[in-house]
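Numbering (the UniProt record's numbering), first residue to last: 1 to 950.
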């Protein structure tokens, strides 16, 4: 501050009156006049404010909160997220101050408001665009994580919230202003201008400070206007201000503090807000404007569907229906409100006893609006909407089935509709079959959208019975009134819901037929014996007591009634159509009536799958071969190719259960060879191929995925493939051990063997693959028991074999195949050691029956795999010494490789010398003939080999 304000008043009046009113003051000597008036306008305007660190940090926090509030008003979630992150950083900087002072209440209030904002936006998250929706999820997660440290403060604040938001803000500003305004005020100046020894007591009248300050009205004028007063005014003012010291004059010349200016501004803003609110309320009373939120109209009072005294007729209802449907698909249309309007319109039509045609038309519109509730095709329907959809579809079907005078079709134009004429049948535009197909697709999308291992998936899967019931009802309706093409479409929908389900009742019947045939015969014989005994006893009693004859007649009648009731039960059970009979009936209808290739192809594949699932191997194989789908499936659409892959896999599993190991391996080879079984069966996406897809392709492939309850166990599939490859590959490897050009039957099986050979330490097998590899090594040596123990144990049973319906028969089949193939491997490996082998010895070694051992060895002899012959009297296999021993075969291999190496070296030398081409031309037929003789067994080398064998 300038020293000018420390001096006394220069007027005579002030000096005269100061002796009477004011105590003597020790004054400092006045500074030179030049220094007193050496200040400019900028020094007057600028004010140095000393603020504490607490006030600085809290002001930074408040400014960040203010920015976030502005972003919240326009619901810019991305900027709210960035502002929240910045606020957390600013609040972390004030950590030392907060540890001393505690958490400020305005910050806790902001966290509570942000929580309410996030929860409100999360309920309507589908209204946001992609960026804001993603930011909302991130903000929600970060907020929850951040607020774990403030749970106590937030609960305390919620228990005792502030009175109102505006008052809290004002109170906070006042506190900060009072704390932060450390500028030199008049009182401070008085302390500085007086000495400590002689305190000053000032008695002065109140002074109007407004005379020396700028006002809003005079803001445009210059500062000199405050000094342009007449001499009379100055003299009068000096007389009024008599008795003032320099300190009192300083009070008049000081500026207002920043806190006073803020208070006045806030008061003015508050008055303006109140005035605007009053004006808005007056406008609302006049009915000029309506409040709008988020692009959707918010109605305080529900509007009437029709005006008062309006006659409700079919024409009026149809007009209103078209008016509601015209807003469908437009931007800003509330879809849930549209559904409610259609429901209200239907209730009005029903209450006014309008005809059935208008009710059916409104029902079609309601169902279509429910389907259009989700604008995105990839997202699934909400559970509430799903329940509503099922209810309205069932109501529509009830009306159509009960009332035969309602005709529905896509070919009916809106101009030719009959909605109110009772004399002719009602005609309504719409297709029930299209609604059911869309319902089935929505059900599949709901299953795809759920977590397969959650309770929600189980709850949604329970609705499949409802969907199937609706399909059956539509099937009956179309059988009466539909065309053959519509019948094929609804049959295919029905087939796709039952083809993958195993019929356990059929399994029980098969088991009863296998095991219960002998028991039934024994029971029948016992019942006949009992009846004959009862008859003899009855005859003896009839001779003694004639009254017992009536009792016997009653018993006979009761028996007849029981037999007739049993026969009726059997007939009723026969009349109930099994799943296989139902599949046969519907598929054969599609084969004969369908005009499109896609429906027929899918029906064939579903039929093959169902046959293979129920172990009807020959029917499934013949249907696949007769359809020739393996030649044309590459030109089909992707969903059809997925069904083909599933059918082939199930066909391979069926062949394995039937004991046809080679057919099982051939059926599973294409799926398992590339390592993409999961993707080919539409049971998931592979991470390694994610880089090859763009986001759109990924969405499309996710929509093609098969629901979890339809999945085929991939571990079971791989185990069956590896076991079948083992049963084929190990005997082949033993038979062609020393061949230079061996072909591989299964590359993936050889890959597993190579991986196990590379391992330095081999422990007990743990995974399924390790069990199969260990079993293969045991089979190589002919140890069939070790091979069986590796494949059939508790761990493998739990992982693989118990997943089959008839697991005991499958395990028995695998054991028998292991015994047979181990026998063949043993004969290939150690046959050259023996001169003869006894049939009984082989049957005891491999625990096989003699006729199975005999048939196995006979097949090997016929196929020229084993050089031997049977000695029937002694039941021995006599081995012929025409095959080389191991040492001889290895020597032959070495000689062939050396000769090949010599020939290649000679060719390279001749090509370097330049006479290779000339030598090739001069080679005659005799040289070519000698080369051929050397290569064949009739030549010189062949004769040497024969001599070595002998």
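Every residue, glycine too, gets a C-beta built ideally from N, C-alpha and C.
Cβ-based neighbour list, residue 380, same chain, cut-off 6 Å, excluding 5 preceding and 5 following: 445, 446, 449
Terminal residues of the beta strand (DSSP E) in which residue 407 lies: 406 to 409
Simplified DSSP assignment, three categories, for residue 616: coil
Continuous beta strand (DSSP E) stretch holding residue 960: start and end: The requested residue 960 is not part of the displayed model; the chain covers only 1 to 950.
Through-space distance from residue 762 to residue 750, alpha-carbon basis: 17 Å
Own chain partners of residue 351 with C-beta closer than 8 Å, once the 5 adjacent residues on each side are dropped: none
Reduced DSSP category for residue 119 - H, G, I as helix; E, B as strand; rest coil: helix
Spatially closest choice to residue 675 from 663, 746, 659, 734, by CA coordinates: 746
Contact the segment 633 to 647 vs the segment 785 to 796: 3+ CB pairs below 8 Å: no
Among 348, 398, 438, 355, the one whose alpha carbon lies nearest that of residue 951: Shown here, the chain extends from 1 to 950; a query on residue 951 therefore has no answer.
Spatial distance of residue 498 from residue 875 (CA atoms): 54 Å
CA nearest to the CA of residue 812, picked from 825, 266, 656: 656
DSSP three-state assignment for residue 706, whether helix, strand or coil: coil
Residues near residue 110 by beta carbon distance below 7 Å, same chain, minus five either side: 65
Local conformation of residue 418 per DSSP, three classes: strand
Whole-angstrom distance between residue 147 and residue 645, CA atom to CA atom: 51 Å
Expected contact under 8 Å - CB spacing of residue 486 and residue 433 to nearest Å: 6 Å
Exposure label - residue 604; buried when at least 16 CB within 10 Å: buried
Residue 800 in three-state terms, based on DSSP: coil
Contact set for residue 771: own chain, Cβ-Cβ below 7 Å, skip 5 residues either direction: 765, 790, 791, 796
Simplified DSSP state of residue 57, which is helix, strand or coil: helix
Per-residue burial, residue 132 [other beta carbons within 10 Å of its own, 16 or more giving buried]: buried
Segment limits, beta strand (DSSP E) that includes residue 879: 876 to 879
Close Cβ partners of residue 75 (< 8 Å) along its chain, the five nearest in sequence each way excluded: 121, 128, 132, 294
Residues of its chain near residue 404, where Cβ-Cβ distance is below 6 Å and the 5 sequence neighbours each way are ignored: none
DSSP bridge partner residues for residue 870 (one or two, in chain order): 877
Three-state secondary structure assigned by DSSP to residue 428: strand
Given residue 737 as reference, the closest of 890, 384, 663, 82 once Cα atoms are compared: 890
Span of the alpha helix (DSSP H) around residue 683: Careful: residue 683 lies outside any alpha helix (DSSP H) and carries neither H nor E.
Residue environment, residue 285, which counts as buried when at least 16 other CB atoms sit within 10 Å: Reliability of the predicted coordinates at residue 285 is poor, the pLDDT of 46 falling under 50, and no value is obtained from them.
Proximity to residue 354 [Cα-Cα], best of 402, 418, 787, 669: 418
Extent of the continuous alpha helix (DSSP H) to which residue 854 belongs: 850 to 862
CA nearest to the CA of residue 423, picked from 431, 414, 406: 406
Option in 364, 349, 335 with minimal Cα separation from residue 316: 349
Under the three-state DSSP convention, the category residue 502 falls into: coil
C-alpha gap between residue 618 and residue 651, whole angstroms: 10 Å
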